[in-house]
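Enquirer:
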Amino acid sequence: MMRSLSWILAGAMTVSGCAGPIETRVQTHQVVAAPNQKQFTLSPKDAVENSDLALARELVAKSLSEKGYAPSPNASILVHVAISERPADIAVDAGEKDAKQTIAPAKRQKRFQSCEDQEHRLTIILYDQARETILYKGNAAEYHCNGTIAQSLPFLVASALSGLDRKPADKPSSSTHTRQGIE
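Set out below in structure tokens:
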């Protein structure tokens with residue numbers, strides 16, 4: 474009886490396919506060194522109100538403040554925050570035929586998975602208006618079957634800003650972070 478129950482529980486966990494490791498794909502690029510005065514302002518709000526975007530902007534502002542940046546209406550650093558959600562089985566490519574680059578590859582659905590994955594993506598760009606150059610770019614993306622973008626945002630913000638204030642580099646840095654949670 475106990476042996477049968479163990480097999481039933483193991484089978485139920487396998488079939489559910491919803492709880493498990495979540496991979497956050499991250500790309501960060503410190504283009505130039507941060508200015509001495511670390512003051513920022515968020516880019517103007519979009520015409521259409523979106524609660525997920527409002528939450529993302531709030532979390533980015535809080536994270537920047539924790540990193541020593543101060544909000545100011547006349548700041549030289551303009552922060553742009555963008556979020557997106559798309560079906561994960563669709564690839565996103567950019568560029569012309571010869572210079573085509575995959576931004577987000579299509580994801581295959583897991584065996585026995587009961588719902589279709591969505592990709593949650595956050596992009597953060599810090600633009601130094603005084604020097605007229607991009608200071609920093611970071612983006613983070615995760616695949617989720619049941620999770621919402623609002624649930625993903627704290628992890629996406631932390632990941633997308635993980636390379637901020639590092640030594641400037643010629644190329645972006647890519648990494649993958651893994652955590653447990655509801656996909």
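For the sequence shown, the working numbering gives the first residue as 474, with consecutive numbering after it. We treat Cβ as the ideally placed atom computed from N, Cα and C, and that holds for glycine.
Under 8 Å, do residue 642 and residue 503 count as touching if we go by C-beta distance?
Expert: Counting from one through the sequence shown, the residue named residue 642 turns up at place 169. Counting from one through the sequence shown, the residue named residue 503 turns up at place 30. Going by C-beta atoms, residue 642 is nearer than 8 Å to residue 503.
Enquirer: Give a yes or no on contact between the stretch 516-528 and the stretch 605-618, applying the rule of three or more CB pairs nearer than 8 Å.
Expert: Short answer: they don't touch.
Enquirer: Report the rounded CA-to-CA distance for residue 611 versus residue 528, giving the unit in angstroms.
Expert: Position 138 of the sequence shown, counted from the first residue, corresponds to residue 611. Position 55 of the sequence shown, counted from the first residue, corresponds to residue 528. The alpha-carbon atoms of residue 611 and residue 528 are separated by roughly 17 Å.
Enquirer: Helix, strand or coil: how does DSSP classify residue 615 here?
Expert: Residue mapping note: residue 615 aligns to position 142 of the sequence shown, counting from 1. Residue 615 falls in the strand class under three-state DSSP.
Enquirer: Under 8 Å between the Cβ atoms of residue 534 and residue 544?
Expert: The count along the sequence shown starts at 1 and reaches residue 534 at position 61. The count along the sequence shown starts at 1 and reaches residue 544 at position 71. Contact flag set, yes.
Enquirer: Residue 591 lies in the beta strand (DSSP E); which residues open and close that run?
Expert: Counting from 1 along the sequence shown, the entry for residue 591 is found at position 118. That run of the beta strand (DSSP E) goes 591-601.
Enquirer: Out of curiosity, what's the CA-to-CA distance linking residue 623 and residue 632?
Expert: By one-based count along the sequence shown, residue 623 stands at place 150. By one-based count along the sequence shown, residue 632 stands at place 159. When rounded, the distance between both Cα atoms is 15 Å.
Enquirer: Quick check on this structure: which residue in 629, 590, 574 and 558 has the alpha carbon closest to the alpha carbon of residue 652?
Expert: Here residue 652 refers to the residue found at position 179 when the sequence shown is read from its first residue. Closest option to residue 652, Cα to Cα, is 629.
Enquirer: Quick one, are the C-beta atoms of residue 521 and residue 649 less than 8 Å apart?
Expert: If you number the sequence shown from 1, residue 521 lands on position 48. If you number the sequence shown from 1, residue 649 lands on position 176. Against a cut-off of 8 Å, the Cβ pair of residue 649 and residue 521 comes out as no contact.
Enquirer: Given a threshold of 16 other Cβ atoms within 10 Å of its Cβ, counted over all protein chains shown, does residue 625 qualify as buried or as exposed?
Expert: If you number the sequence shown from 1, residue 625 lands on position 152. Answer is buried; the Cβ neighbour count reaches 16.
Enquirer: Which residue from 495, 507, 494 and 496 puts its Cα closest to that of residue 603?
Expert: Within the sequence shown, numbered from 1, the residue matching residue 603 stands at position 130. If we check each option's Cα against that of residue 603, 507 comes out closest.
Enquirer: Less than 8 Å between the CB atoms is what I'm expecting for residue 558 and residue 593, so what's the real figure, rounded?
Expert: The residue given as residue 558 occupies position 85 in the sequence shown. The residue given as residue 593 occupies position 120 in the sequence shown. Going by Cβ atoms, the distance from residue 558 to residue 593 rounds to 6 Å, so yes, they are a contact pair.
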